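Here's the structure, in structure tokens; my notes come after.
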Amino acid sequence: MLTTSFAASGSPLNQGNNVLPDNEKICLESVEALLGQQQILFSDRHADPEVRRHAERTIDASRDAYARHGSYCDAQKALQAHSQESDTRSKPGEISVFRSQQS
19 MLTTSFAASG SPLNQGNNVL PDNEKICLES VEALLGQQQI LFSDRHADPE
69 VRRHAERTID ASRDAYARHG SYCDAQKALQ AHSQESDTRS KPGEISVFRS
119 QQS
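Start counting the sequence shown at 19; every next residue gets the next number (the numbering used here).
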């Protein structure tokens with residue numbers, strides 16, 4: 019019970035243990051911000067195709083993690099882990115041609 023009271027008070031003792039509802043709220047806020055950033059990158063028609071493709075994959079990774087576990091903390095971990103991936107080659111089912119819109 020001591021661990022629960024420390025976790026509820028925001029102590030670093032129990033950080034990383036994502037079983038508490040408060041942690042899910044914190045992770046939800048983080049996921050919203052991270053997904054928003056990735057959506058902006060993906061939607062930028064002037065960005066390099068590799069940047070847009072990476073954003074698309076990052077968004078998909080977070081959706082998959084949330085679908086598997088129903089946890090925003092798992093989705094956040096997937097977003098953060100996927101940001102380390104460097105392979106930007108097109109895969110089946112992805113947008114392979116990005117065309118910038120001419121004014």
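For each residue, glycine too, the CB sits at the ideal point set by N, CA and C.
A quick note: this is a predicted structure, and the numbers were derived from the prediction, not measured.
Minimum Cα-Cα distance from glutamate 42 among the listed residues Ser61, His100 and Ser89 corresponds to Ser89. A distance below 9 Å separates the beta carbons of serine 80 and leucine 97. DSSP places alanine 51 within a helical segment (H, G or I) once states are collapsed to three.
In the structure shown, the three-state DSSP call for histidine 100 is helix.
Spatial neighbours of threonine 76 in its own chain (CB-CB distance under 7 Å, excluding positions within 5 residues in sequence) are listed in chain order as Gln56, Leu97, His100 and Ser101.
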